[in-house]
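Heads up: the structure comes next, in structure tokens.
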Amino acid sequence: MSEAELETAMDAGMAAVPDDADLLCLGEMGIANTTSAAAVAHALFGGDAADWTGPGTGVEGPVLRHKAEVVAAAAARHADAAGDPLEVLRRLGGCELAAIAGAVISAREKRIPVLLDGYVCTAAAAPLLVARPDALNHCQIAHVSAEPGHRRLVDRLGRVALVDLGMRLGEASGAVLAVPLLAAAAACHAGMATFAEAGVSDRPDEP
Numbered sequence: 062m063s064e065a066e067l068e069t070a071m072d073a074g075m076a077a078v079p080d081d082a083d084l085l086c087l088g089e090m091g092i093a094n095t096t097s098a099a100a101v102a103h104a105l106f107g108g109d110a111a112d113w114t115g116p117g118t119g120v121e122g123p124v125l126r127h128k129a130e131v132v133a134a135a136a137a138r139h140a141d142a143a144g145d146p147l148e149v150l151r152r153l154g155g156c157e158l159a160a161i162a163g164a165v166i167s168a169r170e171k172r173i174p175v176l177l178d179g180y181v182c183t184a185a186a187a188p189l190l191v192a193r194p195d196a197l198n199h200c201q202i203a204h205v206s207a208e209p210g211h212r213r214l215v216d217r218l219g220r221v222a223l224v225d226l227g228m229r230l231g232e233a234s235g236a237v238l239a240v241p242l243l244a245a246a247a248a249c250h251a252g253m254a255t256f257a258e259a260g261v262s263d264r265p266d267e268p
């Protein structure tokens with residue numbers, strides 16, 4: 062993408078976030094964007110390109126090896142951008158990844174919690190965390206994809222996914238499944254009585 066295209070895509074993502082949302086579930090739909098996700102992750106965190114590259118829609122054998130070679134070649138070609146995470150996103154991501162990143166930024170500005178769905182969404186948000194360590198404090202990883210690079214990326218971001226069901230689909234399906242867990246956690250936190258409120262005057266000794 063050009064700088065103007067990156068800005069336009071991120072602006073579109075930011076504009077798509079409603080001001081009154083209680084929760085933002087981010088997903089994606091596309092073909093070949095696990096290649097972009099792998100390239101972004103590889104450029105940001107290094108290692109072997111094959112470790113970040115998975116079957117996506119089902120490629121295997123020579124095609125999967127070629128996919129890893131493409132990821133490695135892309136990261137090598139743009140190695141000079143390695144120190145600038147948004148430049149990595151511009152050069153190796155796509156418009157949908159940039160729009161997702163914009164939506165994450167907008168949600169933070171509006172104090173809206175975010176559920177990130179799968180490998181592509183996590184890779185889109187990763188440059189923000191690399192640029193600023195607290196950038197994703199309002200985000201949770203909804204589910205860890207069966208795509209092997211996603212589990213590695215979740216670990217590198219220091220997160221734990223809420224759901225691990227071996228799913229490959231993105232499209233916010235995992236994020237939607239994680240909503241009841243988030244709602245239950247919020248209800249528990251908001252409704253839990255303190256010792257004083259519960260009339261507990263003295264905590265029992267630990268066994």
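Here our numbering is used: the first residue of the sequence shown is 62, the next is one more, and so on.
Built from N, CA and C at the ideal position, the CB exists for glycine as well.
DSSP on V224, reduced to helix/strand/coil?
-> V224 falls in the strand class under three-state DSSP.
Let me know if V124 comes out buried or exposed under the rule of 16 or more other beta-carbons within 10 Å of its beta-carbon.
-> exposed
Do you know how far the Cα of A160 is from the Cα of A73?
-> 6 Å
Between the stretch 176–183 and the stretch 200–207, are three or more C-beta pairs nearer than 8 Å?
-> yes
Return helix, strand or coil for D72, following the three-state DSSP convention.
-> helix
Selection from F106, L243, D141 that minimises the alpha carbon distance to H211 = F106
Three-state secondary structure assigned by DSSP to A173 | Residue identity check: residue 173 is Ile in the sequence provided, not Ala. Coil, per DSSP.
Under a Cβ-count criterion, where at least 16 other Cβ atoms within 10 Å of its own Cβ denotes burial, should H250 be classed as buried or exposed?
-> When all chains shown are included, H250 counts as exposed.
Helix, strand or coil: how does DSSP classify D178 here?
-> In the three-state scheme derived from DSSP, where H, G and I count as helix and E and B as strand, D178 is classed as strand.
8 Å contact criterion, which A104 and H127 should meet: CB distance rounded = Going by Cβ atoms, the distance from A104 to H127 rounds to 19 Å, so no, they are not a contact pair.
Is G91 near the ligand ZN, in the sense that its beta carbon is under 7 Å from a heavy atom of that ligand?
-> Ligands displayed in this structure: none; no statement on the ligand ZN is therefore possible.
With 8 Å set as the bound, which would you pick, yes or no: does the beta-carbon of D145 sit closer than that to a beta-carbon of chain B?
-> Of the protein chains in this structure there is only one, and it is not chain B.
Which term fits E89, buried or exposed, when burial requires 16 or more other beta carbons within 10 angstroms of its beta carbon?
-> buried
Anyone know if the C-beta pair for T114 and A135 falls short of 8 Å?
-> no
Distance, G260 Cα to A186 Cα | 44 Å
The beta strand (DSSP E) spanning H204 covers which residue range?
-> 200–204
Would you mind working out which of A162, L84, L230 sits nearest L243, comparing C-alpha positions?
-> L84
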